[in-house]
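Taking the working numbering, the leading residue of the sequence shown gets 5, the next gets one more, and so forth. Yeah, the Cβ is synthetic: ideal placement off N, Cα and C, and Gly gets one too.
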Amino acid sequence: MILQRLFRFSSVIRSAVSVHLRRNVGVTAVVFNKELDPIQKLFVDKIREYRSKRQASGGPVDTGPEYQQDLEKELFKLKQMYGKADMNTFPSFAFEDPKFEAVEKPQS
């Protein structure tokens, strides 16, 4: 009886360990593979190229003068609608705690 329980317990442990090892080997195989597949490599190269273009231009990439005109026009509309605030910065808010008055409770 004890021997049967021991064999059942060992088979449960063995299956749990094998599942755990299969999952870890599947994950670590990707991590240890230093080369990317060709599509991943193209994607990463395009992201790096875009980042370098954006850093060089200091703004949006591959935009013409019509983009700048449209941006100025929209900013002008916003300034007319919402006031003369700077539309390129986030507004700062100052919240004050309300002052409560102490009201004595009437005794009955």
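Test item: CB-CB of residue i and residue j under 8 Å
| i | j | result |
| --- | --- | --- |
| M91 | L75 | no |
| R58 | V65 | yes |
Please list the segments of the alpha helix (DSSP H) lying wholly inside the region 32-101, counting only runs of 4 or more residues, in order along the chain.
42-61, 69-86
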